[in-house]
Structure formats: structure tokens, C-alpha cells
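Counted from 1, the sequence shown has number 72 at position 72 by the working numbering; the numbering is strictly sequential. In this text, a Cβ means the ideal position worked out from N, Cα and C, and glycines have one as well. Remember, predicted model here, so these are calculated numbers, not experimental data. What follows is a short report on a single structure.
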Amino acid sequence: MIQIGLFIAIFYFILIRPQRRQRQEHDALLKSLQRGDKVVTSSGIVGEVVHIKDDEVTIRSGEAKFVIMRSGVASITNRTAVEAKPA
């Protein structure tokens, strides 16, 4: 019985916990997505975010524009600097 509990604990710490943390980081990345960010999609397309609407993101890659699901953004390669407005 102890071996089964030990096996479940090892399984949790090696597989489930890191995957959960990675998913939370990816969700935070998607929430922080903003216009002008350079992104890579899950299909490998590299482009710049030109419009964000709910769960859809429009990116420009070369001369083409693509509308993709927000969840299709794999990573942000170059974040645009947000200019602070003087108070």
C-alpha cells in the first residue's frame, strides 16, 4: 500500500505538477498579449499582433494577415515597449 502511495506521489511531482505550472505560465502569457508583440504560433508562423478581439488575434506575417485563436499563440519573441504617459 505504501508503494502505491509513493508511486502516485512521484508521478504527481514528475509529470502533473510541472505541466500545470507550464499551463499557468502560458495562460498568463496569453492574457498579457498586446498589439505590436512579435509572436510565434503553435503552427510555426511568426508575425506581429495587429488586433486582439476576445479569443481571436490577428497577426501580420509579411504581406499576409491571419486571424488565429488566442490559444494558438505559442510564445512572444519580442515584446513591444509600452510607453508610459507623463502624469
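- With fewer than 16 neighbouring CB atoms inside 10 Å of its own CB, VAL67 falls in the exposed class.
- DSSP places GLU25 within a helical segment (H, G or I) once states are collapsed to three.
- In terms of Cα proximity to THR77, the closest of ALA64, GLU56, PHE13 and VAL40 is VAL40.
- Contact annotation: ALA74 and SER32 have beta-carbon atoms that are not nearer than 7 Å.
- Annotated as distal: ARG35 and ASP55, with beta-carbon spacing of 7 Å or more.
- Excluding its 5 nearest sequence neighbours in each direction, ASP37 has C-beta neighbours in its own chain below 8 Å: GLU48, VAL49, ILE76, ASN78, ARG79 and THR80, listed in chain order.
- Around the beta carbon of VAL46, fewer than 16 other beta carbons sit within 10 angstroms, so the residue counts as exposed.
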